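*Asks:* Here's a structure for you.
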Amino acid sequence: MQYRDDPEPSYDPRSWSRPRPVPVAAPAPPTPPPVDRGRSRVPLAASAAIALGGAILAYAARPAGDEAVTPGPAPTATAGTSYDQRVLNIAAPGAIAPTLASLGVAEDDAARAAQLAQAALGDTPGLIRLDVTLADATLHAVTATHVDGGGVVIERGGDNALTAKPLSAKLTRRMRFVRGELDGESFYSSAVAAGVSDVLVGAFANAFRYDFDIQREVSAGDVFEAGFEERVNADGEAVGAPRLVYAFLSTPTKTRALYQYRLPGDAEAEWFDSSGRSSRRSLMRTPVDAARISSGFGMRGHPILGFRKMHRGTDFAAPTGTPIFAAGDATVSFAGMKGANGNFVRLRHDNGWETLYLHMNRIAAAIVPGSRVAQGTQIGEVGTTGRSTGPHLHYEVHIDGQAVDPLSIETGGGRAIPAAAMAAFRKIRDAIDAKRAETM
Ligand SMILES: [Zn+2]
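If you read the sequence shown in the numbering used here, its first letter stands for residue 5, the second for the next number, and so on.
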């Protein structure tokens, strides 16, 4: 599986030559320019891509003089003036000056417009839309925008000088929900098949790691829902990474619906049930990256010994390298290679319980005897060292020195949202529920 680290949508240059909707360039509805139908024009070929100075340009041009389409900033109407408008995508702000020059803009105008645009846009590479209006082959206006709609309008004023006006991003929020069934392979394949963005699958699967032993308590056919919020630009295109706001999982014995909420004063959001109780527990039920657990929902057999007799823990089958997390706040009591256990970590938790992690491929450098770890800290990665036939985490919980079935223990209730924040939480919860009822 792959995570996409880049929070921005990626643009495939091959897609640039497809005709795109032409953005409305000006913030206010401008007056259409006078149309001179009597003059002949060379229409720009839609979708004709040219390469220039390393920047790939795509023309999403419309026939000049088309009254149905609103052009950029309102030109100062002058009878007989010939207007040409072109919309192009360029790879970075640095390509503005050569692009304008290639359209026939005078060198000093191109340089001045590029200077103004770059001051507003910054030099960060990334797709820029240019909406260029020429009046009698002289630069009249240019709108340069990021994909979110934010950018700048540069216009020639009455004094003939080019001036810049900022354009704020025009983004709206949209909430979407998907529902699916687990396919018996992994959260990853199930969620992606249902339409969950791969950026969100990790967060989605890990939302349940306090409530479900994902290896043993979750089976093919169990139902899940994911709700996420995304920002969309004026063209209805999603901008930036979506954000998971709702996670639901239902098995024959347990159903959980979780809402993302950030408590006032907290740096990060966490998951709460509908009554405002945190999903966090003193121990995680699934101390590995849940999205990567593979080929084993409901798996009960031990790869070597069989589950019933000698086995005292839970095996989480996952690819080598999958992160393993401290199940709770603890002190490291052992970290190193130990016979059949392979690379092995033993944690002593503050209530006296212990958790054991076997067969690791690698133990994190900071995990040494005596060191403190916080719940959720990565302590190593899945491997197959020691007596093991394939990559998995063998996980045990010990209470009073005795191994217990991790599923049998009560791991405590999460903290509740303070009364003062409940109204804010309920508002978010109800908005999610209302949207979900509307769309599911
Ligand atoms: Zn095992």
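Quick reminder that beta carbons are idealized off the backbone N, C-alpha and C, glycines included.
Note that the structure is a prediction, hence the values are computed from the model and not measured.
From Leu134 to Ser86, what does the alpha carbon distance come to, in whole angstroms?
*Replies:* 20 angstroms
*Asks:* Pull up the DSSP beta-bridge partners for Ile297, would you.
*Replies:* BP columns for Ile297 are empty, so no partner.
*Asks:* Could you check if Asp226 belongs to the surroundings of ligand 1, using beta carbon to heavy atom distance under 8 angstroms?
*Replies:* no
*Asks:* Can Asn294 and Asp277 be called in contact, C-beta distance under 9 angstroms?
*Replies:* In the sequence under discussion, the amino acid at residue 294 is Ala, which differs from the Asn named in the question. Their beta carbons are not under 9 angstroms apart, which means Ala294 does not touch Asp277 by this criterion.
*Asks:* Excluding sequence positions up to five away, which residues of its chain have a Cβ less than 8 angstroms from the Cβ of Phe338?
*Replies:* Phe348, Val349, Arg350 and Pro373
*Asks:* For Leu411, is the beta carbon positioned less than 8 angstroms from some heavy atom of ligand 3?
*Replies:* Absence of ligand 3 from the depicted structure is noted, with ligand 1 being the only ligands included.
*Asks:* Do you know offhand how far Glu221's Cα is from Phe252's?
*Replies:* 15 angstroms
*Asks:* With a threshold of 8 angstroms, are at least 3 pairs of Cβ atoms found where one atom belongs to the region 369-388 and the other to the region 242-251?
*Replies:* no
*Asks:* Would you say the beta carbon of His396 is closer than 8 angstroms to some non-hydrogen atom of ligand 1?
*Replies:* Yes; taking the cut-off as 8 angstroms, the Cβ of His396 has a heavy atom of ligand 1 nearer than that.
*Asks:* Considering just the uninterrupted stretch of the beta strand (DSSP E) at Met364, what are its terminal residues?
*Replies:* Glu358 to Met364
*Asks:* With a threshold of 16 other CB atoms inside 10 Å of the CB of Glu414, please say whether the residue is buried or exposed.
*Replies:* Using a 10 angstroms sphere on the CB of Glu414, the tally of other CB atoms stays under 16, which defines it as exposed.
*Asks:* Please report the straight-line C-alpha distance between Arg235 and Val151, rounded to a whole angstrom.
*Replies:* 11 angstroms
*Asks:* Using the Cα positions of Leu411 and Arg352, report the straight-line distance between them to the nearest angstrom.
*Replies:* 19 angstroms
*Asks:* Roughly how many angstroms lie between the CA atoms of Leu143 and Met179, to the nearest whole one?
*Replies:* 41 angstroms
*Asks:* Does at least one heavy atom of ligand 1 sit under 8 angstroms from the Cβ of Gly317?
*Replies:* Checking the Cβ of Gly317 against ligand 1 gives yes.
*Asks:* Which residues in the same chain have their Cβ closer than 8 angstroms to the Cβ of Leu166, if we skip the five residues on either side of it in sequence?
*Replies:* Asp113, Arg116, Ala117, Leu120, Leu143, Ile158, Glu159 and Arg160
*Asks:* Any heavy atom of ligand 1 closer than 8 angstroms to the beta-carbon of Leu362?
*Replies:* yes
*Asks:* On the DSSP letters alone, give me the boundaries of the alpha helix (DSSP H) that Arg440 sits inside.
*Replies:* In the DSSP annotation of this structure, the continuous segment of the alpha helix (DSSP H) that includes Arg440 starts and ends at Ala423 to Thr443.
*Asks:* Quick one: give me the first and last residue of the alpha helix (DSSP H) that Ala209 is part of.
*Replies:* Asp202 to Asn210
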